[in-house]
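Q: Handing you a structure now.
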Amino acid sequence: MKRCLWCKGKPVIYMREHRLALCKACYPKWFLRMTERTIKEFRMLTPDDRILVAVSGGKDSLGLWFALTRLGYEADGLYVDLGIAADEYSQRSKEFAQQLAQRLQRPLHILSVAEEVGKPVPELARASERVPCSACGAVKRYLFNRFALENGYTAIATGHNLDDEAATLLGNVLRWQGEYLARQAPILPAKDGLVKRVKPFVRFTEKQVALFTILSGIPYIEQECPFSVGAASLFYKDLLNRIEERSPGTKWAFYSQFVHKVQPLLAGAISEPELRPCLRCGMPTTAEICVVCRMKTAAISDGRIATGE
Amino acid sequence: MKVHFRGQTFEFDRPMTVQELLKELNLSPESTLVLRGEEVLTEDERLREDDEVRVISAISGGFFPLRG
Chain A
1 MKRCLWCKGK
11 PVIYMREHRL
21 ALCKACYPKW
31 FLRMTERTIK
41 EFRMLTPDDR
51 ILVAVSGGKD
61 SLGLWFALTR
71 LGYEADGLYV
81 DLGIAADEYS
91 QRSKEFAQQL
101 AQRLQRPLHI
111 LSVAEEVGKP
121 VPELARASER
131 VPCSACGAVK
141 RYLFNRFALE
151 NGYTAIATGH
161 NLDDEAATLL
171 GNVLRWQGEY
181 LARQAPILPA
191 KDGLVKRVKP
201 FVRFTEKQVA
211 LFTILSGIPY
221 IEQECPFSVG
231 AASLFYKDLL
241 NRIEERSPGT
251 KWAFYSQFVH
261 KVQPLLAGAI
271 SEPELRPCLR
281 CGMPTTAEIC
291 VVCRMKTAAI
301 SDGRIATGE
Chain B
1001 MKVHFRGQTF
1011 EFDRPMTVQE
1021 LLKELNLSPE
1031 STLVLRGEEV
1041 LTEDERLRED
1051 DEVRVISAIS
1061 GGFFPLRG
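Below, the structure is given as C-alpha cells:
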C-alpha cells in the first residue's frame, strides 16, 4: 500500500497525475499551497482586492471561500437564492452557505432571484422560453456583477474547477466557438462595468476539491441541482475522466496548454463584442436592453397572462 | 457489505477493493470518493464483508454553458 509522501502516514488520496499520495493531515496543506500558487501564477488577486465569493452551497464554492479565508484573504460571500423548490434544493443550499459564514465569521449577502427579477428561476425560464440553466447562468452573472459594483468589491471569485473548465473547453472546441474560446481564461480582468472574475480552483479536479471540503469539515449540498440531469457538461466530464484513467494528467494538459498557448492567440485575433450600458438598468450588455431586463419583461407579461390581465 | 450511494443501498456478499467496488457500480475513480465512517479510502483499500461505506460522486454540473 502507498504511504503519504510527506509524512509516511496512511493516505486518503493518490493523485496519479502528480504521482503523489497524501494523508488527511498533509492533503489540506498541499491543497492550500496549490491554491496560492494558482492565484500567483495567473495574478488573480492582489492584497488590495475586496473579494466576493459566489457561494452556491456546493463543495466547490464553500471550499473556495474557506480556502481563501485560510490563506488570509478577506473574502465575503454572496448567495443567490434561485427559488428552486424541488427537494427544497435552494433552501438547503442556503443553509449550508449560512453555516460556513457563521464558522468563518464573514458576511454572507443573500439576493433572491424572485425579488430581483420577478420570478424564481424555473418560472423565469419558462416565461422567457429559455432552458432553466441558461436563465440561471445569465441571472447569476448579472446579480453577482451588479452587487459587486454597487458594494465596492473588486474581484468575484468562483469555484470553477478543472473538470468544469476542461468540459467547457471540450464543448467549445467541438463546436469551434471562437468567441467563447477567446474568453475562456482563469482570470477575466475588469472592463467596461464588469468586475474582475477569478477561478482559483482551476488546478484541481472535482474529486480533489470535494476531498478538501470534506476534510475541512464543511457540510455541503451533495445533491445535484434537479435541472442538471442529462446535462451535456456531465457527459463531457465523464468522457474526460475516461481519458484521464487511461492517461493521467491529460485533463490538465488539455486545459493548461490551451490557456497558455491558444487562448492568448484567439483573444488577440477575435475582437470582443462592444459593451454598452443597458438602456433600462445601466449594466453592461452587447444589446440595447440586457438579457436580465428582457427576462424581467417576459416575467411581467407572463404574470399578466396568468392572471388574465 | 453495505454501500450507500445517491439515496440507495447496495449489498455485496464478498470482500473487494475500493477499485473493484467502483467498477461494480460503474463509477470512475477519477470522480468518486469512498468513505468508511469518517475515513476516506484509497482505491487499493480492501473492504470487508461487514463494512458499511458511503460513495460520494464529486461530479456536479448544469447546462453546458458555452462560455468562459
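Listed in order, the protein sequences are those of chains A and B. 1 is the number of the first residue of the first sequence in the numbering used here; add one for each residue after it. 1001 is the number of the first residue of the second sequence in the numbering used here; add one for each residue after it. C-beta atoms are modelled at their ideal positions from N, C-alpha and C, and glycine is treated no differently. Bear in mind that the values here come from a model prediction, so they are computed numbers and not experimental data.
Can you tell me whether DSSP reads Ile1056 (chain B) as helix, strand or coil?
A: Position 56 of the second sequence, counted from the start, is the residue given in the question as residue 1056 (chain B). The answer is strand: DSSP assigns Ile1056 (chain B) an E or B state.
Q: I'd like to check one pair, Val292 (chain A) with Ala166 (chain A): are the Cβ atoms closer than 8 Å?
A: Here residue 166 (chain A) refers to the residue found at position 166 when the first sequence is read from its first residue. Here residue 292 (chain A) refers to the residue found at position 292 when the first sequence is read from its first residue. Not closer than 8 Å, so no.
Q: Using a Cβ-Cβ distance cut-off of 8 Å, determine whether Glu1020 (chain B) contacts chain A.
A: In the second sequence, residue 1020 (chain B) corresponds to position 20, counting from 1. Taking Cβ atoms only, chain A never reaches closer than 8 Å to Glu1020 (chain B), which makes this a no.
Q: Quick check: the Cα distance between Glu150 (chain A) and Arg50 (chain A), rounded to an integer number of angstroms?
A: Residue 150 (chain A) sits at position 150 when you count from the first residue of the first sequence. Residue 50 (chain A) sits at position 50 when you count from the first residue of the first sequence. C-alpha separation (whole angstroms): 13 Å.
Q: Please report how far the alpha carbon of Phe96 (chain A) lies from the alpha carbon of Ala298 (chain A), in whole angstroms.
A: Residue mapping note: residue 96 (chain A) aligns to position 96 of the first sequence, counting from 1. Residue mapping note: residue 298 (chain A) aligns to position 298 of the first sequence, counting from 1. Rounded to the nearest angstrom, the two C-alpha atoms are 32 Å apart.
Q: Answer with buried or exposed for Met316 (chain A), where buried requires no fewer than 16 other C-beta atoms within 10 angstroms of its C-beta.
A: Lying outside 1 to 309, the shown extent of chain A, residue 316 (chain A) is not represented and no answer is given.
Q: Tell me whether His160 (chain A) is buried or exposed, calling it buried when 16 or more other Cβ atoms sit within 10 Å of its Cβ.
A: As a working note, residue 160 (chain A) is residue 160 in the first sequence. It counts as buried.
Q: Pairing CB atoms from the region 80-100 of chain A with CB atoms from the region 185-205 of chain A, are three or more of them under 8 Å?
A: No: the two stretches stay apart, fewer than three of their Cβ pairs being nearer than 8 Å.
Q: Identify, in the order they occur along the chain, each residue of the same chain with its Cβ nearer than 7 Å to the Cβ of Arg146 (chain A), setting aside the five sequence neighbours on each side.
A: Along the first sequence, read from residue 1 onward, the residue named residue 146 (chain A) stands at position 146. The residues are Met283.
Q: Based on the DSSP secondary-structure assignment, which residues constitute the bridge partners of Gly77 (chain A)?
A: Taking the first sequence and counting its residues from 1, one reaches residue 77 (chain A) at position 77. A:Val53, A:Leu108.
Q: In the DSSP assignment, find the unbroken alpha helix (DSSP H) run with Pro28 (chain A) in it and report its ends.
A: For the purposes of this step, residue 28 (chain A) is taken as residue 28 along the first sequence, with counting starting at 1. Segment 26-41, the alpha helix (DSSP H) holding Pro28 (chain A).
Q: Compare the C-beta of Val292 (chain A) against all C-beta atoms of chain B and say whether one is closer than 8 Å.
A: By one-based count along the first sequence, residue 292 (chain A) stands at place 292. It does not: the Cβ of Val292 (chain A) has no partner Cβ on chain B nearer than 8 Å.
Q: Would a check of beta-carbon distances place Lys207 (chain A) closer than 8 Å to chain B?
A: As a first step, residue 207 (chain A) is located in the first sequence; it is residue number 207 there, counting from the start. Yes, because at least one Cβ of chain B sits closer than 8 Å to the Cβ of Lys207 (chain A).
Q: Check whether the region 170-182 of chain A touches the region 257-276 of chain A, taking contact to mean three or more Cβ pairs, one atom from each stretch, closer than 8 Å.
A: Judged by Cβ distances under 8 Å, the region 170-182 of chain A makes contact with the region 257-276 of chain A, as three or more pairs qualify.
Q: Listing by chain order, which chain B residues have their CB less than 8 Å from the CB of Arg242 (chain A)?
A: In the first sequence, the residue the question calls residue 242 (chain A) occupies position 242. The contacting residues are Ser1028.
Q: At 8 Å on the CB atoms, spell out the chain B contacts of Ile270 (chain A), in chain order.
A: Translated into the one-based positions of the first sequence, residue 270 (chain A) becomes position 270. The contacting residues do not exist; Ile270 (chain A) stays about 12 Å from chain B at best.
Q: Could you check the C-alpha separation between Glu41 (chain A) and Phe1010 (chain B) for me, to the nearest Å?
A: By 1-based counting over the first sequence, the position of residue 41 (chain A) is 41. By 1-based counting over the second sequence, the position of residue 1010 (chain B) is 10. So the alpha carbons of these two residues sit roughly 44 Å apart.
Q: Given that Val1040 (chain B) touches chain A, what residues does it touch there, using C-beta distances under 8 Å?
A: Numbered from its first residue, the second sequence carries residue 1040 (chain B) at position 40. Those within 8 Å of Val1040 (chain B) in chain A are Val12, Ile13, Lys24, Leu211, Ile214, Leu215.
Q: Is the CB of Lys1002 (chain B) under 8 Å away from at least one CB in chain A?
A: Reading the second sequence from its first residue, position 2 is the one you call residue 1002 (chain B). Judged by the 8 Å Cβ criterion, Lys1002 (chain B) is not in contact with chain A.
Q: Cβ atoms of Val1018 (chain B) and Glu1045 (chain B): under 8 Å apart, would you say?
A: In the second sequence, residue 1045 (chain B) corresponds to position 45, counting from 1. In the second sequence, residue 1018 (chain B) corresponds to position 18, counting from 1. In this structure, Val1018 (chain B) lies closer than 8 Å to Glu1045 (chain B) by Cβ.
Q: When you compare only the Cα positions, how much space is there between Arg1075 (chain B) and Val53 (chain A)?
A: Residue 1075 (chain B) lies beyond the stretch modelled for chain B, which goes from 1001 to 1068, so this question has no answer here.
Q: Under the assumption that Val131 (chain A) contacts Gly83 (chain A) (Cβ atoms under 8 Å), give the Cβ distance between them as a whole number of angstroms.
A: Reading the first sequence from its first residue, position 131 is the one you call residue 131 (chain A). Reading the first sequence from its first residue, position 83 is the one you call residue 83 (chain A). Val131 (chain A) to Gly83 (chain A), Cβ: 16 Å. No contact.
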